[in-house]
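Working notes, structure below.
Numbering (mature numbering (1 follows the signal peptide of the UniProt record, and there is no 0)), first residue to last: -22 to -1, 1 to 266.
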């Protein structure tokens, strides 16, 4: 279901944001100020937004020649990312995040706990490999001299970080996540409101690296998170609140040309098909 609704995919991204908002910060969480939480949350969001081209592959194994599908998806997403409007994208992302905050706090907190478990299931060597790809992708990029992609507003990110749900998240899990993924997030060149966009060819490699991380997610942890969060979202976020945002989501891409938008749509459909075919042909995903 979430694969068919782009707003819900981004909402899921924002859910994962909440679980990592303590990155690079000292525990206990209750002592964190809003500005620090907002900064960390923005950093996490940047990672998911920049890897949007490979996000589908990161949660599902691929199909024959999946790497090519991931690269195409990444290339198709590049002009979309470049065209995200600085003025309207942050408030739009805030609206999506507000849907997540509509989930009952205890259920959202458990969803975040289970999401952490998924990321903790990644083998250390895969984290190391991804960090190397991240370093290669961003190189010497600095926020003052790079193409910037807007992020959800710091004010909203702070709201998420200070929510009742986040206060219930297991602090031991967050500490473990910080130990495992802190270096990854600290390497991202960003401000409180934007993230540097790597060159197109670098983004391709980063998308493939993210897909490899996704392929290493523990199957049991992934299923548990998906089942629980899916049920929690379905029970708390009525479709009537989601569908009005679909048109607004499309408006965020209007800065790109019609040809670029059509390519982006086609690439998304290709990844959807890839996820289905790989389930039937898991030994022919094209990564080996």
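Beta carbons are placed, not taken as given, at the ideal position from N, Cα and C, and that holds for glycine.
All values derive from a computational prediction rather than experimental measurement.
Nearest-angstrom Cβ-Cβ length linking residue i and residue j, presumed shorter than 8 Å
i: residue 169; j: residue 61; result: With a Cβ gap of about 19 Å, residue 169 and residue 61 do not count as contacting.
i: residue 174; j: residue 125; result: 7 Å
i: residue 267; j: residue 147; result: The first residue shown for the chain is -22 and the last is 266, placing residue 267 beyond what the model contains.
For residue i, the nearest candidate out of the options (CA to CA)
i: residue 155; options: 198, 189 and 100; result: 100
i: residue 112; options: 157, 244, 181 and 249; result: 181
i: residue 120; options: 172, 209 and 217; result: 172
i: residue 95; options: 59, 200 and 110; result: 200
i: residue 84; options: 145, 164, 66 and 138; result: 145
i: residue 166; options: 59, 110, 208 and 53; result: 110
i: residue 93; options: 108, 66 and 198; result: 198
i: residue 59; options: 252, 248 and 238; result: 238
Distance, residue j Cα to residue i Cα
i: residue 215; j: residue 81; result: 7 Å
i: residue 97; j: residue 250; result: 23 Å
i: residue 223; j: residue 68; result: 14 Å
i: residue 255; j: residue 161; result: 35 Å
i: residue 105; j: residue 127; result: 24 Å
i: residue 218; j: residue 122; result: 41 Å
i: residue 118; j: residue 136; result: 28 Å
i: residue 57; j: residue 142; result: 37 Å
i: residue 243; j: residue 213; result: 29 Å
i: residue 246; j: residue 158; result: 30 Å
i: residue 70; j: residue 209; result: 24 Å
i: residue 63; j: residue 153; result: 35 Å
i: residue 107; j: residue 186; result: 11 Å
i: residue 89; j: residue 221; result: 23 Å
i: residue 240; j: residue 65; result: 23 Å
i: residue 211; j: residue 252; result: 25 Å
8 Å Cβ shell around residue i - same chain, five flanking residues per side excluded
i: residue 91; result: -4, 147, 148 and 151
i: residue 79; result: 86, 137, 138, 141 and 143
6 Å CB neighbourhood of residue i in its chain, flanking five on each side removed
i: residue 115; result: 176, 180 and 184
Any C-beta of chain C under 9 Å from that of residue i
i: residue 90; result: The chain labelled as chain C is not found in the depicted structure, where only one protein chain is given.
Cβ-based neighbour list, residue i, same chain, cut-off 7 Å, excluding 5 preceding and 5 following
i: residue 53; result: 178 and 182
i: residue 236; result: none
Original post:
Any chance the stretch 220 to 231 sits against the stretch 61 to 76, with 3 or more Cβ pairs inside 8 Å?
Top reply: Counting Cβ pairs under 8 Å, three or more are found: they touch.
Subject >> Meets three-Cβ-pair contact criterion under 8 Å: the stretch 195 to 205 and the stretch 45 to 60 >> reply: By the Cβ criterion, the stretch 195 to 205 is not in contact with the stretch 45 to 60, since fewer than three pairs of Cβ atoms, one from each stretch, lie closer than 8 Å.
Original post:
Does the stretch 130 to 146 touch the stretch 187 to 202, meaning 3 or more C-beta pairs lie closer than 8 Å?
Top reply: Counting C-beta pairs closer than 8 Å gives fewer than three between the stretch 187 to 202 and the stretch 130 to 146, which falls short of the contact rule.
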